[in-house]
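**Q** Sharing a structure here in structure tokens format.
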Amino acid sequence: MGFNLRRSVARAGHVRIQFLASLVILLTVITAALPGVAGGAVIKVDEAAVPKLPMGHPVIGPGSPQVNPIPSKSRMRETSDIVNQNRTIFKKGIHLSALEMLTIQNNDELKTLDTWARESIHAICGYSSINGEKPLYTALDMAFRPQAWDNRNFIYIMAVPIRERLGKLVSPREAKRILEQGTVSPVFLANPEVRKLLIQIGSQSVLSSSVQQISIAMQTFQTLGQQLAIVPPAKSDPHGRWVEPIRLLPNLGKMIGTIAPNLKAAKPLTGYSTATAKAVTLAYVDLGYGWTSNNVSEANAGIHQLAVALPAVNPTIYPEYAKRFVEVWYNRVFNGTLIGVFFYFISLTLFLIAATGAYPAARKPAIIFFTLAVLLHATFMGIRWWLAGRIPIQNEFESVLGSAFIGCVVGLILEYWKRNSLFGLAFSFVGFLAMTACFVVPFVLGKSIGANISHVDGVLNTYWLYIHVNVVISSYALIGASFCLGLVYLFTKLHYSNTPASLVIQNRFKFATVGGPALAMAGGGGGYASGPTGYGGSKTPEQLAAELTEQRLGFLTRLDQANIIVLQMAFWFLGTGIIFGAVWADYSWGRPWGWDPKETFALVTWLVYLIIVHLRFVSPKYRSDWTAWLSIVGFLVMMFNWIGVNFFLVGLHSYA
Amino acid sequence: MTVTNPDSNCAIPESSDAENLNSDANLAPSHTANIGSTSKVPTGSSAKLAGSAPPQWAIERFFNRLGQYPAAIGSALDRLAARRGPIGRIVWFFSSVQLGLVWLFLTATYIAIGSGMPWVRSAFDVTSMEFFDAFPMVILMLLLITTLTVVTLRRIRLSLYKLGVWTVHTGIITLVIGCFFYFGMKHEGMVRIFLNQKVNHYYDSSVRALYIVNPQNKRHVMVGLPQLPIFKKRSPGDTPLNIPIPAKDLSRLNPAWVHAHVAIVGYYPYSEIAPTPFSRPVNHAPHNPAIAVNLSAGGVSSGAQWLLGKLPAGRVMDRGSPFGIEYLYHPSARRQRDITTSFHGTNAIIVNVPKDHVRRVYIIKPNTPIVVKGTPYTLLPIAKITMPLRSPGYLGATSQCYMINVTRTDAGGLFKFQRVALFRYPTRTVDFILKHGKRELIPNKIDHQLHIRYLDAARDQFWVVEHKNGTFTLVHRAAGGKVSVQPMKLGSNAPAVVQGMPVQFSLQSDADMRFRPELIPPADRRPKVENTMGKCVLELQLTRPDRRPESIYLQYQQFGLSGDLPPAKVRMGNGQTADFIFSQLERPLPVTLKLMACKELFYSGGENFPRDFISKVRMTNDKTGQNRIAVIHLNHPAQADGLHLFQARFGHDPATGSPFTVLGVGNTHGFYAMLVGVIMVILGIGYAFYIKPILLNIKKKQLAAYAARLQKSSTHTNAPV
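As structure tokens, this is what we get:
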């Protein structure tokens, strides 16, 4: 019953391969082509929301002059005009594709405007899109027309207790809406009463991070217009900071109202040529003016001019087109997580069918899907590596995906070697779990877990990070697979104890006697019971029951053996990873072991596996049961260490 | 034995069985049963029958011979275990694998509780390091390695096939012993070095200390406080502490202080010293005279604002408002005269040369020289600046200053210097001279015959003056230099006009401001030693024969005598004061460190996220005088005579902007024993899981072939002729 990929592929023919390839491309294209949906869950914002509280403090409230980055023109509309504009035609007519691929410097990182917009919108409203609009459209609208957003409920409040407390300041109906949707408007947040309450709540350590999240959301909204550092540094200063277009001509501010005639007199920032500075500034002003005055053709002209002018400012340091293109594409496919979820889920299901014996032939498509999933996983990891310029294992998002990837590669090798479907089952479960977590958690928790590509902290900027973290996260994936096998073992054993072999055979005989349907399977492992003789045949029920019992024991033994293979690797990898971490710590901080929560719970996990290894000898009769149960315990301790410690305890590994 | 499943096509699962790490644990003692030796391989039965030994590799024979020595110890332990009596019972007790598992379980539980439940550490008042170094952990480790040793010697015979488990067990024992050494001798701390500064000590991270300084002779003593609580509050009211400061330490600073009795009587974790107003004493002067003023303008009131007369930064309010307010407690007659001097201009100086009986007021402008007639001085005002003060006790204080170049032409020569005259704190006025091409600071002024007081009238200034007779006056210098003076009373209003807007001053109350520890709310606390140490207060009680006991509160600071907070000044009698500082214990460095240069590196184009901190340090061995330069940066430490120096923090002095680096310091005794231990554990596990099964498979095939040959040979021999 061995499996040979080449033979299977040959047998499957081109049709099946083409089908699978088409499926991959289709999924990629679908997710990439839906701009609104591509950002993730979509929030609905009621544009006609009316504030229930009076206007807030004018100094800190939105709409303060510094929010709008565009210098006033004499023909600039009044605020009321901006708020009441009908934007339908503008939304339809604006072409942002060229703008999305331009580069911005934000938080010391170079990224595309598309990435910047997604991150900003996510920070503000916990989702990646509002009303199904492109994130860049929303971000620019907030930057150029903040007045239009002042009274709209889009700032996300993650913590339910805060929603409840804020609800006490408004009408019951509005309180219900805040509780359900979790969104409020900038005007609401700027109200002194609300601010006072938030400061009061923030002083409680339990909710301080949640108040901080609201503060960051508000601050992000208020400063969107000031963050547009899209002009690369001058050729004379290639390591300098990127600048906002409006700063290219420093004395432009004095010419408000009469920009064009006075551009001749404007002097550019040091290092930039006058022509470049004027071209970029004019393009930007066109975009901003077109945007605020609802003039789509002028805005599009500005976008077109910016797309041409900006890369030409300093072509040597401007990120190459291919990289920018891939980055935008990578954003649109949810960093590859959704496709990964799909392929791992299919392979997981097929492996489960094959491993339980219900339909052993399902292993062939299962392994094809699993291989494809791992290849896609590798592709997306590689893309991230290329985009980030470093091995992507720096934060929770990257370490979860990296861990699953290494685990799945190990699982794939084991599956090809052992051909028992169990390794495929366990590791496709790990891949599925990791991809699902990375895809879902940001939307469920409303906070980033590191999907944004960012620089490495100085203290982590060493090869030791990759040695230590790679080995440790590999062990985490193996622990996850061991957990899966332990779980399958326990459920199977529970099922077997609920349906004794004699009873199964009795029922089959009963069915066969009354001419009932010849069921292929009477529970997990039942497929083995049918055997070559079919129902009845020349064997007595007792013989068949004994055979079934033996087959069941064989299945449990295979599960246990598979588990112990994975578990031993996890044990060894985890121990080695801990030691690498200790050596790094001693080298860099003069102390190999600091009893940091991450360290101690990694040690506890390792001790759990040490106990398993020894319990197998102390209690040979129940060793498989012990192994299964303790695999689950080890996984829970590991998960607490990986995720729980970050939330509940303070330590040195807050980045992990 | 592992080769019990010959039908399995899986090489690894058998090994798992791991190897039998202790597979024979419940069997007879290993050295008698010869468990683990190849002679137990079942396929060798025919060979035994034939009377010849199965083939053995040289390495197998080597380990079998080597195994005889521990086996002999194992036999001795067997004999001991067989005896009746306590020794036999003890050996028997420690021979159980189950017991080892119990120790492992208890160890895991202890670690999980200690790490996952910080409140437990807090309840026992220990740091994480102390918790894991406490006697339960030590006892558990001793029990574990005892059990491990006895079980290994009695139950697992050393052979090629048991090499893995032997390596792992020996590694664990080495690791535990290394840990005892390492953590028993561990010292670590921090040292902060400003640019071009030299230091030869560091501050221990775990032991705190009290520093007492005699400012007159600059001597100081350090009293280590290892017995100080960490998380538990101790206060004289309920649970007093009593840690007396030895009288000999005080008399070493000043023999007259021998009569003073100083004791630590309280400790307040999670606390900061905060001012608390008390009624002013009737019979003697307040310690910290304070007044509360209220400002109202256009119907808006500021509420009571406390001004502290003896705290330079606390007596001034001039940020964020269109005018400045200062509270002067018992100012000198000259200061009163200065602030009430009217003039017409935005910047003025009062030049006073007592020797020549000259006192004049000049309106100054940048780069407009002033010849002070009747004196040898010519003044050239340069510029007005706002400067933060770094003098001890002036933390947080800033003042407007005027830089004035002074030329003195008497005594047949020419003497030039620059005077920086301070508006708020005239006594801190300093001089600079050019010496060897460098601008050198003369803090106590180089020319004491010339007095320059700078008066800033660029905006409105108010002074609330408290006179020695207990009365108050409000001095108002409007922008432009015109002065008006009016009396003030507690509870009454004093009207003034600032830039055309009427303002009401009211003196709401006066008080003696005491500094008392204020607890951080429990919800904001984390029982983590760093947080506690950074926010705690020590209470001292000073008793002198002639005075009633006095409480002194000291806020913790990290870097001892070179810390950021001003020391607590305590009156010790006879008009003398002592400075008290609560900080970490100072330990000597084996070398003197001088910070030659330091730099923060950012990612290209960035300025928010540092990618590295680099400190270039010169290390001088004080004994040999040898110098060497070390470049320390993140993940690139340096060694200094057995101490590890690593880059911990980096920053700038908020007052002067001078950069500093903070280096971590630690010793590493016993590290290599720990390293050897963990390497043995990892290699042993790898061997047991992955090498041994391969060896066993090869051996199994070899023995099967050998048995087949024997059988063939036996059949051939017994064949009928």
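If you're matching them up, the sequences are chains A and B in order.
All residue numbers for the first sequence refer to my numbering, where the first residue is 9 and numbers rise by one.
All residue numbers for the second sequence refer to my numbering, where the first residue is 31 and numbers rise by one.
Virtual Cβ for every residue (Gly too), placed ideally from N, Cα, C.
Since this is a predicted model, take the numbers as computed values, not measurements.
1) When the cut-off is 8 Å and only beta carbons count, does residue 187/B lie next to chain A?
2) By a C-beta neighbour count over all protein chains shown, 10 Å radius and 16 as the cutoff for buried, is residue 149/B buried or exposed?
3) Per DSSP, what are the beta-bridge partners of residue 220/A in this structure?
4) Our contact map puts residue 444/A next to residue 349/A with C-beta atoms below 8 Å; I'd like the distance itself, whole angstroms only.
5) Do we get a CB-CB distance below 8 Å when we pair residue 596/A with the residues of chain B?
6) Is the beta carbon of residue 372/B sitting closer than 8 Å to the one on residue 530/B?
7) Using the Cα positions of residue 361/B and residue 333/B, report the straight-line distance between them to the nearest angstrom.
8) Based on the DSSP output, what are the partners of residue 694/B in its beta bridges?
9) Taking only beta-carbon atoms, is residue 497/B less than 8 Å away from chain A?
10) Where does residue 627/B land, buried or exposed, given buried means 16+ other C-beta within 10 angstroms?
11) Apart from the five residues on each side of it in sequence, which residues of its chain come closer than 8 Å, Cβ to Cβ, to residue 322/A?
12) Start and end of the alpha helix (DSSP H) containing residue 171/B?
13) So the candidates are 343/A, 620/A, 99/A and 287/A; which of them puts its Cα closest to the Cα of residue 391/A?
14) Out of 509/B, 540/B and 709/B, which one is the CA nearest neighbour of residue 374/B?
15) Beta-carbon within less than 6 Å of residue 338/A's beta-carbon, same chain only, minus the 5 sequence neighbours each way: which residues are those?
16) In or out: residue 109/A buried (at least 16 other Cβ within 10 Å) or exposed?
17) Please report the Cβ distance between residue 287/B and residue 369/B, rounded to the nearest whole angstrom; I am assuming they are in contact, meaning their Cβ atoms lie under 8 Å.
18) Identify each residue in the stretch 129-142 of chain B for which the Cβ-Cβ distance to at least one residue of chain A is less than 8 Å, and report them in chain order.
19) Can you find at least 3 beta carbon pairs, one from the stretch 616-631 of chain B and one from the stretch 192-203 of chain B, that sit closer than 8 Å?
20) Using a Cβ cut-off of 8 Å, pull out every chain B residue sitting near residue 605/A, in sequence order please.
21) Could you please give the first and the last residue of the uninterrupted beta strand (DSSP E) stretch that includes residue 435/B?
22) With 8 Å as the limit, tell me which residues of the stretch 433-448 of chain A have their beta carbon closer than that to any beta carbon of chain B; keep them in chain order.
23) Determine the burial state of residue 341/A: buried for a count of at least 16 other Cβ atoms within 10 Å of its Cβ, exposed for fewer.
24) According to DSSP, what are the bridge partners of residue 248/B?
25) Need the endpoints of the beta strand (DSSP E) that residue 569/B sits in, please.
26) Can you confirm whether residue 693/B, when its beta carbon is compared against all beta carbons of chain A, has any partner nearer than 8 Å?
27) Pick helix, strand or coil for residue 338/A, following the three-state DSSP scheme.
28) Any beta-carbon of chain E closer than 8 Å to the one on residue 427/A?
29) Residues bridged to residue 446/A by DSSP?
30) Is there contact here, the stretch 309-319 of chain B with the stretch 390-404 of chain B, by at least three beta-carbon pairs under 8 Å?
31) Give the DSSP-derived three-state secondary structure of residue 386/B in the structure shown.
32) Determine, using beta carbons only, whether residue 111/A comes closer than 8 Å to chain B.
33) Which residues in chain A sit within 9 Å of residue 200/B, going by Cβ to Cβ distance?
34) With a cut-off of 8 Å on the beta carbons, I'd call residue 590/B and residue 614/B a contact; round off their distance for me.
35) How about residue 240/B and residue 545/B: are their beta carbons less than 8 Å apart?
36) Can you give me the Cβ contacts of residue 233/B inside the same chain, cut-off strictly under 8 Å, excluding the 5 residues immediately before and after it?
**A** Let me spell this out:
1) Here residue 187/B corresponds to residue number 157 of the second sequence, with the count starting at 1. By this cut-off, residue 187/B is not an interface position.
2) Counting from 1 along the second sequence, the entry for residue 149/B is found at position 119. It is exposed - the Cβ of residue 149/B has fewer than 16 other Cβ atoms within 10 Å.
3) Here residue 220/A refers to the residue found at position 212 of the first sequence. Residue 220/A pairs with nothing; no bridge assigned.
4) Counted from its first residue, the first sequence places residue 444/A at position 436. Counted from its first residue, the first sequence places residue 349/A at position 341. Contact flag correct, Cβ pair sits at about 5 Å.
5) As a working mapping, residue 596/A is identified with position 588 in the first sequence. By this cut-off, residue 596/A is an interface position.
6) Locating residue 372/B in the second sequence gives position 342, counting from the first residue. Locating residue 530/B in the second sequence gives position 500, counting from the first residue. The Cβ atoms of residue 372/B and residue 530/B lie no closer than 8 Å to each other.
7) Stepping through the second sequence from its first residue, residue 361/B is reached at position 331. Stepping through the second sequence from its first residue, residue 333/B is reached at position 303. Computed Cα separation, rounded: 26 Å.
8) Taking the first residue of the second sequence as 1, we reach residue 694/B at position 664. Residue 694/B pairs with 220/B and 676/B.
9) As a working mapping, residue 497/B is identified with position 467 in the second sequence. The Cβ of residue 497/B sits no closer than 8 Å to any Cβ of chain A.
10) To locate residue 627/B, count along the second sequence from 1; it is residue 597. Residue 627/B should be labelled exposed.
11) What you label residue 322/A is simply residue 314 of the first sequence in a count that begins at 1. Taking residue 322/A as the centre and dropping the five residues before and after it, the same chain places the C-beta of 240, 241, 242, 243 and 246 closer than 8 Å to its C-beta, in chain order.
12) In the second sequence, counting from the first residue as 1, residue 171/B sits at position 141. First-last of the alpha helix (DSSP H) with residue 171/B: 165-185.
13) Start at 1 with the first residue of the first sequence, and residue 391/A comes out as number 383. Among 343/A, 620/A, 99/A and 287/A, the Cα nearest to that of residue 391/A belongs to 343/A.
14) On the second sequence, position 344 is the one that residue 374/B refers to. Taking only the C-alpha atoms, the option nearest residue 374/B is 509/B.
15) For the purposes of this step, residue 338/A is taken as the residue at position 330 of the first sequence. For residue 338/A, the CB contacts under 6 Å within the same chain, skipping 5 residues up- and downstream, are 391 in chain order.
16) Numbered from its first residue, the first sequence carries residue 109/A at position 101. Buried, by the Cβ-count rule.
17) Along the second sequence, one-based indexing puts residue 287/B at 257. Along the second sequence, one-based indexing puts residue 369/B at 339. Not a contact, Cβ separation roughly 38 Å.
18) Listed by position, the residues of the stretch 129-142 of chain B near chain A (Cβ gap below 8 Å) are 130, 131, 134, 135, 137, 138, 141 and 142.
19) Contact between the stretch 616-631 of chain B and the stretch 192-203 of chain B is absent: fewer than 3 CB-CB pairs across the two stretches fall below 8 Å.
20) Numbered from 1 along the first sequence, position 597 holds the residue referred to as residue 605/A. Near residue 605/A (Cβ distances below 8 Å), the residues of chain B are 145 and 146.
21) To locate residue 435/B, count along the second sequence from 1; it is residue 405. Looking at the DSSP string, the run of the beta strand (DSSP E) that includes residue 435/B is 428-438.
22) Against chain B - using a Cβ distance shorter than 8 Å - the stretch 433-448 of chain A contributes no residues.
23) As a working note, residue 341/A is residue 333 in the first sequence. Buried.
24) Taking the second sequence and counting its residues from 1, one reaches residue 248/B at position 218. Residue pairing by DSSP places residue 248/B opposite no residue, since no beta bridge is assigned to it.
25) Within the second sequence, the letter at position 539 stands for residue 569/B. Unbroken beta strand (DSSP E) run through residue 569/B: 566-573.
26) The residue you call residue 693/B lines up with position 663 of the second sequence. Closer than 8 Å: no.
27) Here residue 338/A refers to the residue found at position 330 when the first sequence is read from its first residue. Residue 338/A falls in the helix class under three-state DSSP.
28) Absent here is chain E; the protein component of the structure consists of chains A and B.
29) As a first step, residue 446/A must be located in the first sequence, where it is residue number 438. Answer by DSSP bridge pairing: none, since residue 446/A is not bridged.
30) Inter-segment contact for the stretch 309-319 of chain B and the stretch 390-404 of chain B is absent: fewer than three beta-carbon pairs are separated by less than 8 Å.
31) Reading the second sequence from its first residue, position 356 is the one you call residue 386/B. Under the three-state reduction of DSSP, residue 386/B is assigned to helix.
32) By 1-based counting over the first sequence, the position of residue 111/A is 103. Output row for residue 111/A: interface = no.
33) Position 170 of the second sequence, counted from the start, is the residue given in the question as residue 200/B. Contact of residue 200/B with chain A by beta-carbon distance below 9 Å is absent, the smallest such distance being about 15 Å.
34) Working through the second sequence from its first residue, we reach residue 590/B at position 560. Working through the second sequence from its first residue, we reach residue 614/B at position 584. 6 Å between Cβ atoms; contact.
35) As a first step, residue 240/B is located in the second sequence; it is residue number 210 there, counting from the start. As a first step, residue 545/B is located in the second sequence; it is residue number 515 there, counting from the start. Their beta carbons are not under 8 Å apart, which means residue 240/B does not touch residue 545/B by this criterion.
36) As a working note, residue 233/B is residue 203 in the second sequence. Closer than 8 Å at the Cβ level, and outside the excluded window around residue 233/B, lie 219, 220, 221, 588, 589, 590, 613, 614, 615, 616 and 617.
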